[in-house]
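Q: Numbering (this note's numbering), first residue to last: 561 to 896.
I'd like to ask some things about the structure below.
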Ligand code: UFG
C-alpha cells in the first residue's frame, strides 16, 4: 500500500483530499500544526472513511523534524497544502507569509531529497494570473505581478519547485485552484474560517444562519453582466479528486515534463449576485445583503479554461454550484 503524505491534511481542501485518497485505497499520513485547523477534523475524516489517518502534529518550519520524518517513513508521494492563506493578513505580515509558506516548502523539498521521495503535488492558485487579459484562463496565460504577499508565495513556490525538479529526481504538478467552496456531502468536514470570514461562501452561510447580520456585496460597478465580480466556484470534493488524478499521473509516470501546471475549476464564471440567488434557490433561505464599495485588490473576473486538465488528467467536475452551496449550508447548520 502506498503511503501518501498530506501536509495541512486537517485543513479545508486537505481534509477532503485525505478522504478521497483513502477512498482510493491509499494509506495517508498527515502533518498539520493545527494553526488554522482543528483536531476534530481527524474524527470527521474517520467517520466518513472508517479509517483514521496517521497524524503528526508538528510545524514544517521545524527542519530537523521534517528531515527525520522523511528518513524514517517510506513516503510514495506528497500533497503539500500546509500554508497560510489569508490575503489581507499577508499584506499586514508579509515576512510571516514568506517565512511560513516558502520555508515549509523548502523543508519539504529538502526532506524529500533526503528520503529519496517523489513526487509532489502543490496547492497553487489562480491568483498567479492576476486579472488575466483573456477569459477563460488557460495555463499559458502570462503570470502577473502578485496582488499580495500571499499570492506571491504561490508564484514563488511554483518557481522553487520548478527549479528543484530541474536539479533532482523530484517530479511535480502544481494545481492552480479557482475558488474552492462547499463541504463534504456528509457534513462531517467542511470549511472552518477563523473569526470573521473573508471569503464569500462562509460569509453567506454565516449570514443565513444569523451569525452575521448582513452580507456586503463588494462592488456592483464591475464591467460584468450584472456589475458584480465573477469567479469560478468549484466544489471542494471535485477539487479533492483532481489531486488523486494528478498523483496517479505522476505515480504512473504519465507526466510530460518534470513539472506540470493545471487549472482546476469548473470553467463556468458566476457573479456574486448569481451565487446569492443560487444559494437562496438551493437552500430556500433568504439572504440579507447590501451592495457596498469594491474591496481593495479584487479582480473583475476569473474563470478557468479546463480543456488541458480535462484531457491530461482525465478529470472533470461532477458537482454543481447548487450542490456546493447546499453542502456548505448543511455544514453550517452543524456548527455551534
Ligand atoms: N465577496 C463579497 N462579499 C464578501 C466576500 C467576498 O462580495 O463578504 C466577493 C469578492 O469581492 C469577490 C467574490 O466575492 O468578488 C469572491 O471572494 P472570495 O474572497 O471568496 O474569493 P477571492 O476570489 O477574492 O479569493 C480567492 C481565494 C484567495 C486567492 C484568490 C485568487 O480565497 O486565496 O481567490 O484570485 F488568492
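Each residue gets a CB set at the ideal place from its N, CA and C atoms; glycine is no exception.
If distances are taken between C-alpha atoms only, which option among 598, 563, 570 comes closest to residue 584?
A: Numbered from 1 along the chain shown, position 24 holds the residue referred to as residue 584. Of 598, 563, 570, the residue nearest in Cα terms is 563.
Q: For residue 657 and residue 709, which I take to be in contact (beta-carbon distance under 8 Å), what is that distance rounded to the nearest angstrom?
A: Along the chain shown, one-based indexing puts residue 657 at 97. Along the chain shown, one-based indexing puts residue 709 at 149. At roughly 5 Å, the Cβ-Cβ gap stays under 8 Å, so residue 657 and residue 709 are in contact.
Q: Judging by CA-CA distance, which residue of 732, 851, 620 is the nearest neighbour of residue 816?
A: In the chain shown, the residue the question calls residue 816 occupies position 256. Here the closest residue by C-alpha is 732.
Q: So is residue 694 buried or exposed if we call it buried at 16+ other beta carbons inside 10 Å?
A: The residue labelled residue 694 in the question sits at position 134 within the chain shown. Its Cβ having fewer than 16 others within 10 Å, residue 694 is exposed.
Q: Measuring only from the beta carbon, is residue 645 closer than 7 Å to any heavy atom that is part of the ligand UFG?
A: If you number the chain shown from 1, residue 645 lands on position 85. Yes; taking the cut-off as 7 Å, the Cβ of residue 645 has a heavy atom of the ligand UFG nearer than that.
Q: How about residue 880: is its Cβ closer than 7 Å to a heavy atom in the ligand UFG?
A: The residue given as residue 880 occupies position 320 in the chain shown. Checking the Cβ of residue 880 against the ligand UFG gives no.
Q: Beta carbon of residue 736: closer than 7 Å to some heavy atom of the ligand UFG?
A: Walking along the chain shown from the start, residue 736 turns up at place 176. Incorrect: residue 736 has no Cβ contact closer than 7 Å to the ligand UFG.
Q: Does the Cβ of residue 806 have 16 or more other Cβ atoms within 10 Å, making it buried, or fewer, making it exposed?
A: Counted from its first residue, the chain shown places residue 806 at position 246. Classification for residue 806: buried.
Q: Could you tell me which of 895, 602, 615 sits nearest to residue 753, measuring between CA atoms?
A: Locating residue 753 in the chain shown gives position 193, where the first residue counts as 1. Measuring from the Cα of residue 753, the nearest candidate turns out to be 895.
Q: Sort 628, 688, 660, 647 by Cα distance to residue 674 and report the nearest one.
A: Translated into positions along the chain shown, residue 674 becomes position 114. Nearest of 628, 688, 660, 647 to residue 674, Cα basis: 628.
Q: Fully enclosed by the segment 713–769, which beta strand (DSSP E) runs are 3 residues long or longer?
A: Those beta strand (DSSP E) runs which fall completely within the segment 713–769 and span 3+ residues are 732–737, 739–741.
Q: Indicate whether residue 735 and residue 681 have their beta-carbon atoms separated by less than 8 Å.
A: Translated into the one-based positions of the chain shown, residue 735 becomes position 175. Translated into the one-based positions of the chain shown, residue 681 becomes position 121. Yes, Cβ-Cβ distance for residue 735 and residue 681 is below 8 Å.
Q: Can you look up residue 823 in the DSSP assignment and give me helix, strand or coil?
A: Indexing the chain shown from 1 puts residue 823 at position 263. Of the three classes helix, strand and coil, the one that applies to residue 823 here is strand, per DSSP.
Q: Mapping DSSP to helix, strand and coil, what is residue 548?
A: Nothing can be reported for residue 548: it is not among the residues displayed for the chain, which extend from 561 to 896.
Q: What is the DSSP secondary structure of residue 708, reduced to helix, strand or coil?
A: Along the chain shown, one-based indexing puts residue 708 at 148. Three-state DSSP puts residue 708 in coil, outside helix and strand.
Q: Report buried or exposed for residue 741, applying the criterion of at least 16 other Cβ atoms within 10 angstroms of its Cβ.
A: For the purposes of this step, residue 741 is taken as the residue at position 181 of the chain shown. Looking at its Cβ environment, which holds 16 or more other Cβ atoms inside 10 Å, residue 741 is buried.
Q: Is it the case that the CB of residue 792 approaches a heavy atom of the ligand UFG more closely than 7 Å?
A: Residue 792 sits at position 232 when you count from the first residue of the chain shown. No, the beta carbon of residue 792 sits no closer than 7 Å to any heavy atom of the ligand UFG.
Q: Identify every run of the alpha helix (DSSP H) within the segment 624–687, keeping only runs that are complete inside it and at least 4 residues long; order them along the chain.
A: For the segment 624–687, whole alpha helix (DSSP H) runs of length 4 or above, ordered along the chain, are 647–652, 654–657, 663–674.
Q: So residue 825 and residue 861 are supposed to be a Cβ contact under 8 Å. How far apart are they, rounded?
A: In the chain shown, counting from the first residue as 1, residue 825 sits at position 265. In the chain shown, counting from the first residue as 1, residue 861 sits at position 301. Incorrect: roughly 12 Å between the Cβ atoms, too far for contact.
Q: Shorter than 7 Å, the distance from the beta carbon of residue 777 to the closest heavy atom of the ligand UFG, or not?
A: Here residue 777 refers to the residue found at position 217 of the chain shown. For the ligand UFG, at least one heavy atom lies less than 7 Å from the Cβ of residue 777.
Q: CB of residue 863 to nearest heavy atom of the ligand UFG: below 7 Å?
A: Counted from its first residue, the chain shown places residue 863 at position 303. No.
Q: From the DSSP secondary-structure annotation, give me the bridge partner or partners of residue 597.
A: Translated into the one-based positions of the chain shown, residue 597 becomes position 37. Per DSSP, none; premise fails for residue 597.
Q: Does the distance between the C-beta of residue 866 and the nearest non-hydrogen atom of the ligand UFG fall short of 7 Å?
A: For the purposes of this step, residue 866 is taken as residue 306 along the chain shown, with counting starting at 1. It does not: the Cβ of residue 866 is nowhere closer than 7 Å to a heavy atom of the ligand UFG.
Q: Considering just the uninterrupted stretch of the alpha helix (DSSP H) at residue 577, what are its terminal residues?
A: Against the chain shown, residue 577 aligns to sequence position 17. Element bounds for residue 577: 572–583.
Q: I'd like the span of the beta strand (DSSP E) that includes residue 587, first residue to last.
A: By one-based count along the chain shown, residue 587 stands at place 27. Residue 587 -> beta strand (DSSP E) spans 587–591.
Q: With distance defined between alpha-carbon atoms, name the residue in 869, 890, 677, 892 nearest to residue 635.
A: Your numbering for residue 635 matches position 75 in the chain shown. Of the listed residues, the one whose Cα sits closest to residue 635 is 677.
Q: Which runs of the alpha helix (DSSP H) spanning at least 4 residues fall entirely within the segment 848–892, listed in chain order?
A: If we require 4 residues or more, the alpha helix (DSSP H) runs fully inside the segment 848–892 come out as 867–873.
Q: Under the three-state reduction of DSSP, which class applies to residue 566: helix, strand or coil?
A: Residue 566 sits at position 6 when you count from the first residue of the chain shown. In this structure, residue 566 counts as strand in the three-state DSSP scheme.
Q: Could you check where the beta strand (DSSP E) with residue 795 kicks off and where it finishes?
A: Position 235 of the chain shown, counted from the first residue, corresponds to residue 795. Note, residue 795: beta strand (DSSP E), 793–795.
Q: Confirm the yes/no value for this check: CB of residue 799, any heavy atom of the ligand UFG, distance under 7 Å.
A: Numbered from its first residue, the chain shown carries residue 799 at position 239. Checking the Cβ of residue 799 against the ligand UFG gives no.
Q: DSSP on residue 622, reduced to helix/strand/coil?
A: For this step, residue 622 is matched to residue 62 along the chain shown. Residue 622: coil per DSSP, three-state reduction.
Q: Roughly how many whole angstroms lie between the Cα atoms of residue 822 and residue 727?
A: For the purposes of this step, residue 822 is identified with residue 262 of the chain shown, where counting begins at 1. For the purposes of this step, residue 727 is identified with residue 167 of the chain shown, where counting begins at 1. Cα to Cα, residue 822 sits roughly 22 Å from residue 727.
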